[in-house]
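Everything below concerns the one structure shown next.
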Amino acid sequence: MPATTFRAADDLVDALRGTAALRPVADRGLAGGLRAWLEDGVFERVGAPEPDAVSLSTRDVAGAREDAGPLAWLRGSMVGALLALRVAGVALTDPLERAVEVLRASGRNDALLRTLDALDADERARLAAEVGAHSRVLCDRLATPPPRWAPRCAVRQRVSVAGGALVLRGLVDLALGAPGGERACVCLLDVTTARLDASHETALAYLALLETIRSGEPPLRVAALSTADGAALVRDVDESLLADGVAAVIAALPVPGSS
Amino acid sequence: MTTVRRLLAPSPASLVALLTAPADATTSGLPDGLRRAVCERLGGGGHDVVLRLDAFAVERGPARFGEPFRWTVRASRRTLGTAALRHLEDRVATDPLRAATEAIEALCDRAHRGLARRGTLGTWLATQPAAVRAACAVAAATWATAVAHVVDLDLHHDVVAVGVPDAWVEVPGARTTLHGRADAVGRAEGRGVLRVRDGAPGPRALDGLAVDGLLASLVAGGADQPARILGAWPDAGLCVVVELDAETLRRGARALVRAAPSPKPVVVSPPLAA
Numbered sequence: 001m002p003a004t005t006f007r008a009a010d011d012l013v014d015a016l017r018g019t020a021a022l023r024p025v026a027d028r029g030l031a032g033g034l035r036a037w038l039e040d041g042v043f044e045r046v047g048a049p050e051p052d053a054v055s056l057s058t059r060d061v062a063g064a065r066e067d068a069g070p071l072a073w074l075r076g077s078m079v080g081a082l083l084a085l086r087v088a089g090v091a092l093t094d095p096l097e098r099a100v101e102v103l104r105a106s107g108r109n110d111a112l113l114r115t116l117d118a119l120d121a122d123e124r125a126r127l128a129a130e131v132g133a134h135s136r137v138l139c140d141r142l143a144t145p146p147p148r149w150a151p152r153c154a155v156r157q158r159v160s161v162a163g164g165a166l167v168l169r170g171l172v173d174l175a176l177g178a179p180g181g182e183r184a185c186v187c188l189l190d191v192t193t194a195r196l197d198a199s200h201e202t203a204l205a206y207l208a209l210l211e212t213i214r215s216g217e218p219p220l221r222v223a224a225l226s227t228a229d230g231a232a233l234v235r236d237v238d239e240s241l242l243a244d245g246v247a248a249v250i251a252a253l254p255v256p257g258s259s
Numbered sequence: 001m002t003t004v005r006r007l008l009a010p011s012p013a014s015l016v017a018l019l020t021a022p023a024d025a026t027t028s029g030l031p032d033g034l035r036r037a038v039c040e041r042l043g044g045g046g047h048d049v050v051l052r053l054d055a056f057a058v059e060r061g062p063a064r065f066g067e068p069f070r071w072t073v074r075a076s077r078r079t080l081g082t083a084a085l086r087h088l089e090d091r092v093a094t095d096p097l098r099a100a101t102e103a104i105e106a107l108c109d110r111a112h113r114g115l116a117r118r119g120t121l122g123t124w125l126a127t128q129p130a131a132v133r134a135a136c137a138v139a140a141a142t143w144a145t146a147v148a149h150v151v152d153l154d155l156h157h158d159v160v161a162v163g164v165p166d167a168w169v170e171v172p173g174a175r176t177t178l179h180g181r182a183d184a185v186g187r188a189e190g191r192g193v194l195r196v197r198d199g200a201p202g203p204r205a206l207d208g209l210a211v212d213g214l215l216a217s218l219v220a221g222g223a224d225q226p227a228r229i230l231g232a233w234p235d236a237g238l239c240v241v242v243e244l245d246a247e248t249l250r251r252g253a254r255a256l257v258r259a260a261p262s263p264k265p266v267v268v269s270p271p272l273a274a
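Here the protein sequences come in this chain order: A and B.
Residue numbering for the first sequence is 1 to 259, as defined by this note's numbering.
Residue numbering for the second sequence is 1 to 274, as defined by this note's numbering.
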């Protein structure tokens with residue numbers, strides 16, 4: 001799997017975008033072939049399933065990670081909220097309070113907010129320290145992207161293949177650049193509060209695959225950033241990465257008869 | 001006639017062509033009497049609350065009415081995104097994030113000067129902390145960027161209008177408002193209407209599009225009838241194109257009538273015991 005040259009001191013946004021003149025020509029012939037490959041794989045693995053029979057998320061495809069508890073979900077959602085504020089150029093002072101404000105206004109996180117409200121003072125202080133640490137890493141590693149790069153947060157992907165029998169779902173924390181130009185320029189970033197491991201490589205291949213199929217154009221690069229330790233993984237998107245994504249999806253399909 | 005297309009490959013140009021192409025021979029405009037029939041059916045509601053019917057009510061059924069509306073980051077996204085697109089089109093701002101931020105500032109300014117009604121987005125935004133307003137700006141910019149890309153706004157702003165007003169129809173004699181959404185329209189006569197949606201088309205997506213198409217037809221003047229409605233689902237990379245012929249418009253009317261909740265049954269008190 002090819003990787004870009006990426007030093008720890010580099011800003012992740014710069015590493016993702018790279019030099020404009022060196023970007024490859026957007027290959028719009030790949031999407032159709034990848035879809036056909038996926039459909040063949042689905043048929044070989046599970047036959048002809050019913051519509052909406054199988055739905056896979058990034059988590060399903062990237063392999064089993066430890067099941068996160070409600071506090072980990074809460075922390076992850078808060079870091080997601082802080083990412084949006086970072087993109088907007090907001091100074092992240094008192095990150096816990098800023099994140100709570102955004103979560104309360106989001107309209108989608110009522111269960112997480114109940115978890116937050118149930119914390120006692122010690123637990124809340126511990127959460128504040130953790131979120132503060134993640135926020136510092138986020139600010140250190142990720143500059144506010146220039147608005148002209150069309151930053152989008154929490155971009156959902158939902159691709160149906162095999163006549164709707166298989167639904168593939170993904171969530172891109174930050175997308176930069178718009179498709180449709182002569183050269184590939186879309187970059188996807190997955191921000192995680194966990195430490196990076198092999199499953200994140202698979203997750204990146206999967207997100208790149210979904211973006212290619214839904215937009216008809218492969219992204220330029222995909223990256224993962226761990227706000228636990230600041231580690232980052234940056235991958236150029238090419239045929240081999242997308243092939244890894246297809247293989248991961250097919251491997252994640254449930255075999256008929258197995259529960 | 002309904003067709004399903006891949007949305008963004010190879011380019012949004014084909015979508016723009018559909019938005020601006022004239023009506024085909026099968027499109028005959030709004031059938032005679034359809035407006036009156038819809039209003040009569042919806043007019044006898046007897047509801048004690050103001051009722052708003054839209055494509056979401058049609059697609060989601062009674063669950064739509066289960067929870068009272070409140071402004072959230074998500075609920076504000078399309079309204080602010082539309083305002084941002086208007087700023088972009090007017091060249092007031094050069095990118096969606098700045099345009100969304102300016103739209104929010106303008107709404108808050110109106111609210112602070114006492115020009116916004118209670119319950120409006122501006123009033124809500126004005127009471128929110130800066131972090132929430134920033135999150136709203138990012139969500140709106142994300143949405144506006146998706147719409148701008150679907151129609152390739154930089155290239156086609158002369159033939160496609162974004163940031164257009166929705167269609168609102170008041171049902172006479174009833175506390176019912178019909179709301180049809182439009183995210184972009186072709187500028188030419190016989191134009192198409194574009195709706196940009198989240199996720200993937202659901203089982204009742206065509207009914208939802210028919211409702212938006214019907215309401216766009218109801219508010220349009222005689223010569224300005226939309227020829228077709230396009231539903232774009234960027235998350236899924238799909239586009240559904242529906243010609244607004246008489247059958248589609250009737251389908252939208254039927255869906256609206258079905259979506260209206262049944263009037264409350266009249267409770268007759270038992271006679272008093274002798």
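Here a beta-carbon is modelled for each residue, glycine too, at the ideal position from N, C-alpha and C.
Does any residue of chain B bring its CB to less than 8 Å from the CB of A:SER106?
yes
Within 10 angstroms of its Cβ, does A:SER240 collect 16 or more other Cβ (buried), or is it exposed?
exposed
Do the CB positions of B:VAL185 and B:PRO234 come within less than 8 Å of each other?
no
Does chain B have any CB closer than 8 Å to the CB of A:VAL87?
yes
Nearest-angstrom beta carbon gap, B:ALA174 and B:LEU42 [assumed within contact, 8 Å]
6 Å
Do the region 87-95 of chain A and the region 120-138 of chain B meet, that is, are 3 or more Cβ pairs less than 8 Å apart?
yes
Residue of B:ALA259, B:ALA210, B:GLY237 minimising C-alpha distance to B:ARG251:
B:ALA210
Going by C-alpha to C-alpha distance, which of B:LEU88, B:GLN128, B:VAL193, B:ALA182 sits closest to B:LEU153?
B:LEU88
Give me the residue from A:CYS185, A:ALA208, A:ALA203 with the minimum Cα distance to A:ASP60.
A:ALA203
Hey, A:ARG235 and A:ARG221 are a contact pair by Cβ (cut 8 Å); roughly how many whole angstroms apart?
6 Å
Compare the Cα-Cα distances from A:ARG35 to each of A:VAL246, A:ALA252, A:LEU96, A:ALA150 and report the closest residue.
A:VAL246
What does B:ALA135 reach in chain A if we use C-beta pairs closer than 8 Å?
ALA81, ALA84, LEU85, ALA88, VAL102, ALA105, SER106
By the 10 Å Cβ neighbour count, where 16 or more other Cβ atoms means buried, how is B:LEU53 classified, buried or exposed?
buried
With a Cβ-Cβ cutoff of 8 Å, do B:VAL160 and B:LEU19 count as a contact?
yes
Are the Cβ atoms of A:LEU189 and A:LEU174 separated by less than 8 Å?
yes
Quick check on the DSSP output: the alpha helix (DSSP H) that includes A:LEU185 runs from which residue to which?
Checking the sequence, you will find Cys at residue 185 of chain A rather than Leu. It is not in any alpha helix (DSSP H) - A:CYS185 carries neither H nor E in the DSSP assignment.
Taking B:ALA236 as the query, report the chain A residues whose CB atoms sit under 7 Å from its CB, ordered along the chain.
ARG158, VAL159, SER160, ARG214
For A:VAL131, go through chain B and note every residue whose CB falls closer than 9 Å to its CB, in chain order.
Within chain B, no residue comes near A:VAL131; the closest Cβ sits about 13 Å away, beyond 9 Å.
Does the beta-carbon of B:VAL293 have 16 or more other beta-carbons within 10 angstroms, so that it is buried, or is it exposed?
No answer is possible for residue 293 of chain B: the residues shown for chain B start at 1 and end at 274.
Where B:VAL193 falls: helix, strand or coil (DSSP):
strand
Chain-ordered neighbours of A:CYS185 on chain B, where CB pairs are closer than 7 Å:
The premise fails here: A:CYS185 is roughly 12 Å from chain B at the closest Cβ pair, so nothing lies under 7 Å.
Would the region 70-81 of chain B and the region 105-115 of chain A be scored as touching if the rule is three or more Cβ pairs under 8 Å?
yes
Mind listing which residues of the region 83-99 of chain B have their C-beta closer than 8 Å to chain A's C-betas, in chain order?
THR94, ASP95, PRO96, LEU97, ARG98
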